[in-house]
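The structure under discussion appears below in the form of structure tokens.
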Amino acid sequence: MGYGGAESQEAPEPRRTSPPHKPGSMAQSLPLGTGSSDQFIESLDRLSKKTGVLATIVLDRTSGAILNTSGSLSSIRSATASSQAAPAAVTDDASSAPKDQNGVEELAGMVWNYMNATKDLVQGLDAQDEVKLLRLRTKKYELVIVPDTKYLLVVVHETPSA
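First residue of the sequence shown? That's 5 in this note's numbering, and the numbers climb one at a time after it.
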């Protein structure tokens, strides 16, 4: 929703607090690199089933639109963030799905902004350079962000204990 005002829809903005969610089939213009979209989707499916992987998200590189998700991000949100989003109450399965979708959209927006800020940093250091991989590690989770010319692949997994 921005930082205090309406956002213009005329041209893609360099930063957006939340990317537009456009769910749908990825078969249109996938895959990343070479191979078929079926192979890419199978690879994503295998990746999402790896031990410790909580979720995968594929974003459009230009707009930040969510193209595909797998897994669940509901466990990632802290109790504080969850209580701010909705009052504490007994929830059923039907009400948890929209909350998880909001979490996906919120995370996608944060990742997209992070990627754009990192790209700006790299371009500021050397205009001929580009970001190839980002790893963000916290006490609990690690986000691996792999940029492509058209997509951003985000893998969220648990941080292994040391």
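Heads up, the beta-carbon is just placed ideally off N, CA and C, and yes, glycines get one too.
Please read these numbers as outputs of a predicted model, since none were measured by experiment.
C-beta atoms of residue i and residue j nearer than 8 Å
{"i": "L58", "j": "I80", "result": "yes"}
{"i": "L156", "j": "W116", "result": "yes"}
{"i": "V108", "j": "L137", "result": "no"}
{"i": "K144", "j": "E162", "result": "yes"}
Residues near residue i in its chain [Cβ-Cβ closer than 6 Å; skip 5 each side]
{"i": "K123", "result": "V135"}
{"i": "R139", "result": "V148"}
{"i": "L48", "result": "T60"}
Range covered by the alpha helix (DSSP H) that runs through residue i
{"i": "R50", "result": "S41 to S52"}
Boundaries of the beta strand (DSSP E) in which residue i is found, first to last residue
{"i": "I149", "result": "Y145 to P151"}
{"i": "A131", "result": "Note, A131: premise wrong, no beta strand (DSSP E); not H, not E."}
{"i": "R141", "result": "L138 to R141"}
8 Å contact criterion, which residue i and residue j should meet: CB distance rounded
{"i": "A112", "j": "I61", "result": "6 Å"}
{"i": "D133", "j": "R65", "result": "At roughly 17 Å, the Cβ-Cβ gap does not stay under 8 Å, so D133 and R65 are not in contact."}
Contacting residues, own chain, Cβ-Cβ under 7 Å from residue i (five flanking each side not counted)
{"i": "G75", "result": "S52, V57, L58, A59 and T60"}
{"i": "R141", "result": "T163"}
DSSP bridge partner residues for residue i (one or two, in chain order)
{"i": "A59", "result": "G75 and V160"}
{"i": "D64", "result": "Y155"}
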